[in-house]
């Protein structure tokens with residue numbers, strides 16, 4: 012971290028108020044994220060999206076898995092669940108089916124959602140389960156020491172690949188589209204306005220929605236790859252990002268130093284899981300089909 | 132769901148959404164569910180896991196009976212925690228005890244295992260299903276406190292905290308990390324000790340006074356056959372044959388195998404000659420019987436690697452030997 016960026020060049024007034032504070036569990040601050048980490052930026056965008064979407068916050072639930080991004084659930088002042096590694100999506104599926112009026116947001120990292128939890132991601136997308144999946148992709152397993160993830164680009168140095176990664180990486184956007192997601196977008200933590208707007212869009216859209224956020228990990232990814240600090244990552248994202256809305260996701264593979272294609276790639280209408288369930292059961296059973304009780308009330 | 136990893140946590144998402152939920156599996160599927168049994172124990176999520184046991188390890192004996200997951204049911208997930216396990220021995224009990232399992236899971240906020248075996252799982256017998264309003268259902272104990280006064284893991288007098296569900300404005304946080312009474316991660320030695328002990332201690336009533344068991348002829352017994360599940364029905368035949376020979380043989384059938392009713396066995400150990408423990412494994416619950424008997428009575432295992440049930444003669448032979 013550059014020394015200069017640590018200085019605060021002005022005095023913070025006593026009555027200063029951060030508009031995202033009401034959305035956070037301030038009693039849990041300071042958070043665990045490193046200086047220069049992008050996860051906090053994504054949380055800021057998310058809280059702005061919640062504000063702008065005018066969602067009823069009592070009806071928004073956040074489900075996270077394990078890892079640095081997995082800690083988002085612990086800081087969001089919402090009904091929030093910090094589940095097991097890789098299983099945020101199936102937990103969220105149960106939550107949504109038991110209480111369909113909830114807006115269920117899965118907020119987790121690339122290792123959690125696409126390595127250990129990859130199977131659940133493709134099946135939830137296939138079902139078009141009404142979940143909003145936000146994946147902070149820092150291209151490594153950060154919390155555990157910077158090991159190679161399925162998203163680590165070729166030739167990058169990691170703690171488990173000291174001579175460089177040689178495995179092909181996942182293209183998350185193409186995977187999400189192929190599996191059936193209704194909405195697929197990618198932004199970086201440089202694109203705060205676009206990201207917040209994308210998050211607001213998915214909060215208003217039905218079906219399985221996916222946003223990938225490319226985010227810096229200065230401590231464990233950039234340091235080994237001599238890519239500088241958090242600010243250097245912002246400059247890098249600014250230079251290398253190309254907004255190409257509607258780009259074929261197959262052409263949006265990420266590499267260590269190449270173009271970062273960002274934008275909204277997919278926005279389509281498909282019946283979601285509950286609509287499909289209802290349609291099939293009504294066809295098979297006619298009047299005998301009774302809508303499942305969404306949730307037990309406290310009297311039952 | 133796509134796999135057992137998913138099923139075993141989807142049910143827990145459903146519970147926090149306000150539903151009652153369970154999942155069913157056998158053998159390898161039960162192994163896959165272990166992490167989430169720990170999550171249910173840690174987050175005190177009431178839910179039910181049904182395991183129709185088959186022979187193992189690994190793929191083992193699909194659709195052939197065994198009772199070899201009894202220790203796994205108790206200890207399978209990492210860390211210290213407690214669960215309840217029930218062992219039905221008939222289709223009627225599968226119905227009745229599933230209701231009991233849900234009720235106990237709500238009362239103690241623990242995962243409850245229904246430990247069937249292939250024979251009981253595939254058995255066809257008459258089942259009486261009572262009118263819905265005749266079935267006793269333990270409701271989820273939701274808090275009556277307003278959100279600002281409510282702490283998610285603050286234990287009540289019975290050591291069990293009250294619940295809430297998502298969407299009711301409590302803005303609560305659930306984590307599998309060691310947590311304080313607010314539900315916030317707190318990885319201090321003190322919090323770990325307090326939480327870990329409570330997760331075990333809250334089940335004490337089930338281990339002792341409220342253990343479910345079926346007994347017969349214990350008053351003057353010289354030998355007590357301790358069994359559960361399908362083996363208890365085979366043991367019944369062996370008990371009949373033993374009594375015909377004039378042996379004072381008593382029956383102790385474990386219905387709730389976990390928490391193990393150690394005090395009941397300890398009390399019996401002081402006045403009987405021996406326990407005979409037939410089970411479709413190479414020695415699992417017999418270890419608990421030995422532990423509780425603590426040398427005061429002989430403990431004779433009648434082990435069987437599974438694939439079919441015992442021959443009643445094998446159990447009879449052990450009873451006869453024990454009575455001498």
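Protein chains in written order, with our numbering: chain W, 12 to 311; chain D, 132 to 455. Here a beta-carbon is modelled for each residue, glycine too, at the ideal position from N, C-alpha and C. Since this is a predicted model, take the numbers as computed values, not measurements.
Legend entry - Sequence-distant residues of its chain with Cβ nearer than 8 Å to residue 337 of chain D (five each side left out): Stepping through the second chain from its first residue, residue 337 of chain D is reached at position 206. For residue 337 of chain D, same chain residues with a beta-carbon under 8 Å away, outside a window of 5 residues either side, are 215, 235, 239, 387 and 390 in chain order.
Legend entry - Neighbour-count burial assignment, residue 311 of chain W, 16 or more Cβ in a 10 Å radius: Taking the first chain and counting its residues from 1, one reaches residue 311 of chain W at position 300. Bear in mind that the predicted position of residue 311 of chain W carries a pLDDT of just 40, short of 50, making it unreliable; the figure below should be weighed with that in mind. Exposed, because fewer than 16 other Cβ atoms sit within 10 Å of the Cβ of residue 311 of chain W.
Inset, instruction - Can you grab the Cα-Cα spacing for the pair residue 155 of chain W / residue 79 of chain W, in whole Å? - result: The residue you call residue 155 of chain W lines up with position 144 of the first chain. The residue you call residue 79 of chain W lines up with position 68 of the first chain. The straight-line gap from Cα to Cα measures roughly 9 Å.
Legend entry - Contacting residues, own chain, Cβ-Cβ under 8 Å from residue 302 of chain D (five flanking each side not counted): Against the second chain, residue 302 of chain D aligns to sequence position 171. Hits under 8 Å: 278.
Inset, instruction - Just list the beta strand (DSSP E) runs in the stretch 223-281 of chain W, keeping only unbroken ones of 3 residues or longer that don't cross its boundaries, in chain order. - result: 252-254 and 271-278
Legend entry - C-beta atoms of residue 227 of chain W and residue 149 of chain W nearer than 8 Å: Locating residue 227 of chain W in the first chain gives position 216, where the first residue counts as 1. Locating residue 149 of chain W in the first chain gives position 138, where the first residue counts as 1. Against a cut-off of 8 Å, the Cβ pair of residue 149 of chain W and residue 227 of chain W comes out as a contact.
Inset, instruction - Give the residues from the stretch 85-117 of chain W that approach chain D closer than 7 Å (Cβ to any Cβ), ordered along the chain. - result: 85, 88, 89, 90, 91, 92, 93, 94, 95, 98, 101, 102, 103, 104, 105, 106, 108, 109, 110, 112 and 113
Inset, instruction - Could you list the residues in the stretch 55-76 of chain W with a C-beta less than 7 Å from some C-beta on chain D, going in chain order? - result: Result list: 69, 70 and 72.
Inset, instruction - Examine chain D for any beta-carbon lying closer than 8 Å to the beta-carbon of residue 306 of chain W, and answer yes or no. - result: As a working mapping, residue 306 of chain W is identified with position 295 in the first chain. Confidence at residue 306 of chain W is low in this model, with a pLDDT of 42, below 50, so the placement of that residue should be treated as unreliable; the coordinate-derived value is given next. With 8 Å as the cut-off, residue 306 of chain W counts as an interface residue toward chain D.
Inset, instruction - Counting only the same chain and skipping the five closest in sequence on each side, list residues whose C-beta sits under 6 Å from that of residue 190 of chain W. - result: In the first chain, counting from the first residue as 1, residue 190 of chain W sits at position 179. Result list for residue 190 of chain W: 133, 136 and 137, in chain order.
Inset, instruction - Give, in chain order, every residue of the stretch 314-327 of chain D whose Cβ lies closer than 9 Å to some Cβ of chain W. - result: Within the stretch 314-327 of chain D, the qualifying residues are 315 and 316.
Legend entry - Check whether residue 198 of chain D and residue 410 of chain D have beta carbons under 8 Å apart: In the second chain, counting from the first residue as 1, residue 198 of chain D sits at position 67. In the second chain, counting from the first residue as 1, residue 410 of chain D sits at position 279. The answer is yes: Cβ separation under 8 Å.
Legend entry - Proximal residues of chain D, C-beta to C-beta of residue 149 of chain W below 8 Å: Reading the first chain from its first residue, position 138 is the one you call residue 149 of chain W. None at all; the shortest Cβ gap to chain D is about 21 Å.
Inset, instruction - With 8 Å as the threshold, decide whether the Cβ of residue 389 of chain D is near any Cβ in chain W. - result: To locate residue 389 of chain D, count along the second chain from 1; it is residue 258. No - not a single Cβ of chain W is within 8 Å of the one on residue 389 of chain D.
Inset, instruction - For residue 269 of chain W, count neighbouring C-beta atoms within 10 Å of its own C-beta (all shown protein chains included) and say buried if the count is 16 or more, exposed if not. - result: Translated into the one-based positions of the first chain, residue 269 of chain W becomes position 258. Exposed, since its Cβ has fewer than 16 Cβ neighbours within 10 Å.
Inset, instruction - Answer yes or no: does any C-beta atom of chain D fall closer than 8 Å to that of residue 134 of chain W? - result: Walking along the first chain from the start, residue 134 of chain W turns up at place 123. It does; some Cβ of chain D falls within 8 Å.
Legend entry - Cβ neighbours of residue 144 of chain W in the same chain (closer than 6 Å, five flanking residues each side left out): Here residue 144 of chain W is taken as the residue at index 133 of the first chain, counted from 1. Only 117 and 221 meet the Cβ criterion.
Inset, instruction - Within its chain, find whatever has a CB closer than 7 Å to the CB of residue 307 of chain W; leave out the 5 residues flanking it on each side and keep chain order. - result: In the first chain, the residue the question calls residue 307 of chain W occupies position 296. Per-residue confidence for residue 307 of chain W stands at a pLDDT of 42, beneath the threshold of 50, marking its modelled position as unreliable; no derived number is given.
Legend entry - residue 13 of chain W - DSSP class collapsed to helix/strand/coil: Position 2 of the first chain, counted from the first residue, corresponds to residue 13 of chain W. In this prediction, residue 13 of chain W scores a pLDDT of 49, lower than 50, which makes its location untrustworthy; the coordinate-derived value is nonetheless stated afterwards. Looking at residue 13 of chain W - three-state DSSP - the assignment turns out to be coil, as it is neither helix nor strand.
Inset, instruction - Give the DSSP bridge partners of residue 316 of chain D, in chain order. - result: For the purposes of this step, residue 316 of chain D is taken as residue 185 along the second chain, with counting starting at 1. Partner(s): D/310.
Inset, instruction - Could you tell me whether any Cβ in chain D is nearer than 8 Å to the Cβ of residue 39 of chain W? - result: Along the first chain, one-based indexing puts residue 39 of chain W at 28. Yes, residue 39 of chain W lies at the interface with chain D (some Cβ there is under 8 Å from its Cβ).
Inset, instruction - Check whether the Cβ of residue 311 of chain W lies closer than 8 Å to any Cβ atom in chain D. - result: Sequence index remark: in the first chain, residue 311 of chain W carries index 300 (1-based). At residue 311 of chain W the pLDDT is 40, less than 50, meaning the model places this residue with poor confidence; the figure from the coordinates comes in the next sentence. Interface annotation, residue 311 of chain W: in contact with chain D, CB-CB separation under 8 Å.
Inset, instruction - With 8 Å as the threshold, decide whether the Cβ of residue 215 of chain D is near any Cβ in chain W. - result: Taking the first residue of the second chain as position 1, residue 215 of chain D is located at position 84. Not one chain W Cβ lies under 8 Å of residue 215 of chain D.
Inset, instruction - Within the same chain, show all residues whose beta-carbon is closer than 7 Å to that of residue 89 of chain W, passing over the 5 residues directly before and after it, in chain order. - result: As a working note, residue 89 of chain W is residue 78 in the first chain. Cβ within range, chain order: 68, 71, 72 and 73.
Inset, instruction - Write down every uninterrupted run of the alpha helix (DSSP H) in the stretch 139-203 of chain W whose length is 4 residues or greater and which is fully enclosed by it, in chain order. - result: 183-190
Inset, instruction - Compare the C-beta of residue 139 of chain W against all C-beta atoms of chain D and say whether one is closer than 8 Å. - result: In the first chain, the residue the question calls residue 139 of chain W occupies position 128. Output row for residue 139 of chain W: interface = no.
Legend entry - Contact with chain W by residue 143 of chain D, beta-carbon distance below 8 Å: Counting from one through the second chain, the residue named residue 143 of chain D turns up at place 12. Answer yes: the Cβ-Cβ gap between residue 143 of chain D and chain W drops below 8 Å somewhere.
Legend entry - Rounded distance between the beta-carbons of residue 128 of chain W and residue 98 of chain W, thought under 8 Å: Start at 1 with the first residue of the first chain, and residue 98 of chain W comes out as number 87. Start at 1 with the first residue of the first chain, and residue 128 of chain W comes out as number 117. Confirmed, Cβ separation roughly 6 Å.
Inset, instruction - Could you say if the stretch 354-368 of chain D and the stretch 400-410 of chain D meet the contact criterion of at least three C-beta pairs nearer than 8 Å? - result: The stretch 354-368 of chain D vs the stretch 400-410 of chain D: in contact.
Inset, instruction - Spell out whether any CB of chain W is found under 8 Å from the CB atom of residue 306 of chain D. - result: Counted from its first residue, the second chain places residue 306 of chain D at position 175. So, interface residue.
Legend entry - Inside the stretch 151-197 of chain D only - alpha helix (DSSP H) runs reaching at least 4 residues: 159-173
Inset, instruction - Measuring only between beta-carbons, confirm whether residue 140 of chain D sits less than 8 Å from chain W. - result: Stepping through the second chain from its first residue, residue 140 of chain D is reached at position 9. It does; some Cβ of chain W falls within 8 Å.
Legend entry - Distance between beta carbons of residue 218 of chain D and residue 173 of chain D, contact taken as under 8 Å: Numbered from 1 along the second chain, position 42 holds the residue referred to as residue 173 of chain D. Numbered from 1 along the second chain, position 87 holds the residue referred to as residue 218 of chain D. Their Cβ separation, rounded to whole angstroms, is 25 Å, which puts residue 173 of chain D and residue 218 of chain D out of contact at 8 Å.
Inset, instruction - Kindly list the residues whose CB is nearer than 6 Å to the CB of residue 453 of chain D, restricted to its own chain and excluding five residues on each side of it in sequence; keep chain order. - result: Here residue 453 of chain D corresponds to residue number 322 of the second chain, with the count starting at 1. Closer than 6 Å at Cβ, skipping near neighbours: 354, 405, 407 and 431.
Inset, instruction - Would you verify that the beta carbon of residue 42 of chain W is, or is not, closer than 8 Å to some beta carbon of chain D? - result: The residue given as residue 42 of chain W occupies position 31 in the first chain. Not an interface residue.
Inset, instruction - Closer than 7 Å by beta-carbon distance: list the chain D residues that pair up with residue 131 of chain W, in chain order. - result: Counting from one through the first chain, the residue named residue 131 of chain W turns up at place 120. The contacting residues are 133 and 137.
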